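Peer 1: As numbered in my numbering, residues 2 to 293 make up the sequence shown, in order. All C-beta atoms, glycine included, are put in the ideal place defined by N, C-alpha and C. Keep in mind the model is a prediction, meaning the values are calculated, not measured.
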Amino acid sequence: MELRDLGWLVTLSEHGHVTEAAGALGVSQPTLSRALARVEAELGTRLFERVPSGVVLTPDGELVLEAARDIGARHAQVLADLAGRLDPESGTVRLAFLDSMSTSLVPRVLREFHASAPSVRVLLTQEPHHHITRDLDSGAVELAITSWLPDGPFGWLPLQRERLVVVVGPGHRWQSRRRISLASLRDEELVTTPPGFGYRALVDELLAEAGVSPTVSFESADLATIEGLVSAGLGVAVLPEQFAGQTGTTGIPLATAAARRTIGLTWRTDRVLAPPAARFLDFVGPSVALRS
Numbered sequence: 002m003e004l005r006d007l008g009w010l011v012t013l014s015e016h017g018h019v020t021e022a023a024g025a026l027g028v029s030q031p032t033l034s035r036a037l038a039r040v041e042a043e044l045g046t047r048l049f050e051r052v053p054s055g056v057v058l059t060p061d062g063e064l065v066l067e068a069a070r071d072i073g074a075r076h077a078q079v080l081a082d083l084a085g086r087l088d089p090e091s092g093t094v095r096l097a098f099l100d101s102m103s104t105s106l107v108p109r110v111l112r113e114f115h116a117s118a119p120s121v122r123v124l125l126t127q128e129p130h131h132h133i134t135r136d137l138d139s140g141a142v143e144l145a146i147t148s149w150l151p152d153g154p155f156g157w158l159p160l161q162r163e164r165l166v167v168v169v170g171p172g173h174r175w176q177s178r179r180r181i182s183l184a185s186l187r188d189e190e191l192v193t194t195p196p197g198f199g200y201r202a203l204v205d206e207l208l209a210e211a212g213v214s215p216t217v218s219f220e221s222a223d224l225a226t227i228e229g230l231v232s233a234g235l236g237v238a239v240l241p242e243q244f245a246g247q248t249g250t251t252g253i254p255l256a257t258a259a260a261r262r263t264i265g266l267t268w269r270t271d272r273v274l275a276p277p278a279a280r281f282l283d284f285v286g287p288s289v290a291l292r293s
């Protein structure tokens, strides 16, 4: 049974006459009669009875008519919803981003995009990198602001570079240092993100290159929480510079040019972006300058 057939049944019930319904539909009377016979054969029951004035619904026809109207209305609603979501002027962008970007880069990007496209809706998902990758793979989100280019068919647009520093608590013996090496962390307890997080992989790689295997004292998925734990004297941390000093800590620059992370916009290149998401990407490219 085709969706068209259900619509024809509704029209026939409204006109109560095959010839009149066929005229309203712009088809021949035999074409409409054959369609009705095909539907009745498929359902195994008569939907209309002929009467002197035309046709009337049977009890089974009343049941089918109610379903046909519901299905037709739902189909029309789906088309309207899709048209609204996919409209580059007023549709929806599904954007994921790292927790650590929630108070800096993301608000700036959204403010500038909203000024350019005020009617486009941006649905936000705040989550760690490994969840972002999962949602990009499943299609739950179309674009993501993250610090780690996933393996596979992904595009990458750098948006911001952040200097990483060693963060120490009040009264720490390094508090007055102007620069420090990663090797100095060898005997320190480290507060960092849990294994599996993109940021943890970045820190572990930096430390491994310096020959350091630190003792991890505490783990948190939130970089601001890590800074607070350092302030409480529970260890030191390697964090983006903007997190240092929020609760009395001190950020000490690292003596290596590799102590940076790049934040970028990523998306799957093996799928066509919906028009609103493509508009977002086209806007962010030239409009959001990469910042060091």
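#1: Quick check: the Cα distance between Arg-75 and Leu-83, rounded to an integer number of angstroms?
#2: Please list the terminal residues of the continuous beta strand (DSSP E) segment that includes Phe-219.
#3: For Leu-266, which beta-bridge partners are listed by DSSP?
#4: Let me know if Thr-104 comes out buried or exposed under the rule of 16 or more other beta-carbons within 10 Å of its beta-carbon.
#5: Reducing DSSP to helix, strand and coil, say where Gly-229 ends up.
#6: Could you say which of Leu-165, Phe-281, Ser-214, Ser-232 lies nearest to Arg-262 if we only look at CA atoms?
#7: For Gly-265, I'd like the list of residues in its chain whose CB is within less than 6 Å of its CB, leaving aside the five on either flank, ordered along the chain.
#8: Spell out a yes or no on whether the segment 128-148 and the segment 204-213 are touching, meaning 3 or more CB-CB pairs, one atom from each, closer than 8 Å.
#9: Give the C-beta separation of Arg-35 and Glu-41 to the nearest angstrom, bearing in mind that I take them to be a contact with Cβ-Cβ under 8 Å.
#10: For the segment 124-132 against the segment 230-246, do three or more pairs of beta-carbon atoms, one drawn from each stretch, fall closer than 8 Å, so that the two count as touching?
#11: Looking only at C-alpha atoms, which of Val-169, Leu-96, Gly-197, Glu-242 sits nearest to Gly-249?
#12: Determine which residues share a DSSP beta bridge with Thr-253 and list them.
#13: Please list, in chain order, all residues of the same chain as Leu-4 whose beta carbon is under 8 Å from its beta carbon, the five residues on each side excluded.
#14: Expressed to the nearest angstrom, what Euclidean distance is found between the alpha-carbon atoms of Arg-109 and Ile-146?
#15: Tell me the rounded alpha-carbon separation between Phe-281 and Val-94.
#16: Are there 16 or more other CB atoms within 10 angstroms of the CB of Gly-229, so buried, or fewer, so exposed?
#17: DSSP three-state label for Leu-87, please.
#18: For Leu-224 and Leu-208, which I take to be in contact (beta-carbon distance under 8 Å), what is that distance rounded to the nearest angstrom?
#19: Buried or exposed for Gly-199, going by 16 or more other Cβ atoms inside 10 Å?
#20: If we call anything under 8 Å between Cβ atoms a contact, is Leu-124 one with Pro-276?
#21: Measure the C-alpha to C-alpha separation of Leu-144 and Val-217 and round it to an integer number of angstroms.
#22: Return the CA-CA distance between Thr-267 and Arg-162, expressed in angstroms with no decimal places.
#23: Might you give, ordered along the chain, the residues of its own chain that have their beta carbon closer than 6 Å to the beta carbon of Ala-245, omitting 5 neighbours on each side?
Peer 2: Well, looking at it:
#1: 12 Å
#2: 216-220
#3: Ile-146, Leu-158
#4: Classification for Thr-104: exposed.
#5: helix
#6: Leu-165
#7: Trp-157, Leu-158, Pro-159, Leu-160
#8: Not touching, per the Cβ criterion.
#9: Wrong, their Cβ atoms sit about 11 Å apart, outside the cutoff.
#10: no
#11: Val-169
#12: The amino acid occupying residue 253 in the given sequence is Ile; Thr does not appear at that position. Answer is Val-167.
#13: Ile-72, Gly-73, His-76
#14: For Arg-109 and Ile-146, the distance between alpha carbons rounds to 12 Å.
#15: 8 Å
#16: buried
#17: helix
#18: Contact doesn't hold; Cβ gap of about 17 Å is too wide.
#19: buried
#20: Their beta carbons are not under 8 Å apart, which means Leu-124 does not touch Pro-276 by this criterion.
#21: 33 Å
#22: 15 Å
#23: Val-166, Val-168, Gly-252
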